[in-house]
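Engineer:
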Amino acid sequence: MQKNHDCSVLRSCQQFRYRAQPSPPLPEPQMPSSKREQARTERQLVTALTQACETAKSEMPDFCWLTHDVDYAAFPASLQVVWVFDTLADKHAALAGGLDGRMIELTAAALEEAQVSVPSVSAHVHVDCEERCRLENGGDWQQRIKRKYARRG
Numbered sequence: 151m152q153k154n155h156d157c158s159v160l161r162s163c164q165q166f167r168y169r170a171q172p173s174p175p176l177p178e179p180q181m182p183s184s185k186r187e188q189a190r191t192e193r194q195l196v197t198a199l200t201q202a203c204e205t206a207k208s209e210m211p212d213f214c215w216l217t218h219d220v221d222y223a224a225f226p227a228s229l230q231v232v233w234v235f236d237t238l239a240d241k242h243a244a245l246a247g248g249l250d251g252r253m254i255e256l257t258a259a260a261l262e263e264a265q266v267s268v269p270s271v272s273a274h275v276h277v278d279c280e281e282r283c284r285l286e287n288g289g290d291w292q293q294r295i296k297r298k299y300a301r302r303g
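The working numbering runs 150 ahead of the 1-based position in the sequence shown.
The structure is reproduced here in structure tokens:
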């Protein structure tokens, strides 16, 4: 990433010289302002969360997959990451074993990698299971996530 520099003008002997001075860090943009920036952010999220998923598969018994949902009009507050186990028993075993902390840790690392900042990562992390989605939403994860987890800014 390229650093921003302000240029200051130095006068000596009627010549202008420019000296680059580091400017204070700019605040991270919270909502990607263009479709192009949204697409870039989405690609970064997918890449980072895929790595978190692969790590979790090797560390967490019965973990299946993860997904995310976001409304870029309310980004990053609307970002939700859902970690999915096969059965309700698998989900409860993972939570009883303290794996929710590891899921939050992996999510935090992924968000940092994707340059997404949220005040409380745990508020954006959810644990669910295939079994409940089949029973409650007919296996339609998109519907389940929108109804159960989606948030607006």
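Idealized CB from N, CA, C, for every residue including glycine. This one's a predicted model, so the numbers in the text were calculated from it and none came from an experiment.
1) Are there three or more Cβ pairs, one per stretch, closer than 8 Å when the segment 250-268 is compared with the segment 189-199?
2) Which residue comes first and which comes last in the alpha helix (DSSP H) that contains T200?
3) Quick one: does the C-beta of L256 sit closer than 7 Å to a heavy atom of the ligand ADP?
4) Under the rule that 16 or more other beta-carbon atoms within 10 Å means buried, what is P269, buried or exposed?
5) Check P179 in the structure and name its three-state DSSP category.
6) Name the residue from D236, I254 and E187 whose alpha carbon lies nearest to the alpha carbon of A223.
7) Check for me: the alpha helix (DSSP H) holding T257 runs from which residue to which?
8) So, for F235: in the same chain, excluding its five sequence neighbours on each side, which residues have a beta-carbon less than 8 Å away from its beta-carbon?
Structural biologist: Result, derived from the coordinates:
1) yes
2) K185 to E209
3) Of ligands this structure carries none, so the ligand ADP is not represented either.
4) exposed
5) In this prediction, P179 scores a pLDDT of 43, lower than 50, which makes its location untrustworthy; no coordinate-derived value is stated.
6) E187
7) L249 to E263 is the span of the alpha helix (DSSP H), which, as asked, contains T257.
8) D212, F213, C214, K241, A244, V277, D278, C279 and E280
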